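See structure below.
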Amino acid sequence: MSLSGVSVQLEAGFGGVFDVFFDNDLVFSKFRCHRFPDNGEITGKIKSLTRTPKTLNNCTKD
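Residue numbers (my numbering): 796 to 857.
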C-alpha cells in the first residue's frame with residue numbers, strides 16, 4: 796500500500812520510542828501498543844484519516 800503526495804520525515808527518538816504522526820495527529824505508538832505496526836497498518840490509518848474526520852489514536856487494526 797502506498798500514499799502518493801505524502802512526505803515522510805524521520806526524527807530521532809530515545810528509549811525505543813516509535814511514534815507515527817500525520818498532520819500532528821498520533822497515528823501509531825509502539826509505546827502504547829507494545830508492538831511494531833503490521834505491514835500496511837500505518838498507511839491504512841492515514842488513508843482513513845484523509846477520508847474521515849479525526850482520529851485513530853488507538854491500537855486497533857483497520
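C-beta atoms are modelled at their ideal positions from N, C-alpha and C, and glycine is treated no differently.
Computed from a predicted structure; not experimentally measured.
- Distance check between F831 and each of D818, G811 and F817 places G811 closest, using alpha-carbon atoms only.
- In the DSSP assignment, S843 falls outside any beta strand (DSSP E) and within the unbroken alpha helix (DSSP H) covering E836 to R846.
- In this structure, V815 sits near I837, with a CB-CB distance shorter than 8 Å.
- In the structure shown, F826 falls within a helical segment according to DSSP collapsed to helix, strand and coil.
- Exposed is the label assigned to F826, since fewer than 16 other Cβ atoms lie within 10 Å of its Cβ.
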